[in-house]
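A short worksheet on the structure shown next.
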Amino acid sequence: MRVTVLFFGVLKEEFGGESEEMELPEGSTVGDLLQRYAARAASRPKLLQSLAVAVNREYAGVADILQQGDEVALLPPVSGGAR
3 MRVTVLFFGV LKEEFGGESE EMELPEGSTV GDLLQRYAAR AASRPKLLQS
53 LAVAVNREYA GVADILQQGD EVALLPPVSG GAR
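Next comes the structure, spelled out in structure tokens:
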């Protein structure tokens with residue numbers, strides 16, 4: 003099955019763009035998808051540890067099963083701001 007993965011913040015730089023299509027086996031979970039990206043970001047192991055993940059604009063957990071055509075957003079924590 004194919005899903006669209008959206009990158010935000012520093013992940014755009016790490017993975018070379020704002021989004022990409024990923025092919026996964028049927029029955030794959032959010033955790034399976036994250037493992038693939040962890041392997042690609044091996045030089046920065048902490049990068050994916052505190053991500054929020056949304057599937058079709060709703061927060062998702064690592065055990066959630068993905069479906070054909072899902073849109074998965076990888077959202078790193080934000081810091082900074084003004085008072």
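Residue numbers (my numbering): 3 to 85. The beta carbon of each residue, even a glycine, is placed where N, CA and C say it ideally should be.
C-alpha of Ala43 to C-alpha of Met3: approximately 23 Å in a straight line. Rounded to the nearest whole angstrom, the C-alpha separation of Leu26 and Val5 is 8 Å. In the DSSP assignment, Leu13 falls within the unbroken alpha helix (DSSP H) covering Val12 to Phe17. A distance below 8 Å separates the beta carbons of Leu8 and Ser21. Of all alpha-carbon atoms in Arg59, Val55 and Leu77, the one lying nearest the alpha-carbon of Ala65 is that of Val55. As computed with DSSP, Tyr61 is found in a beta bridge with Ala56.
Residue pairing by DSSP places Leu77 opposite Ala54 in a beta bridge.
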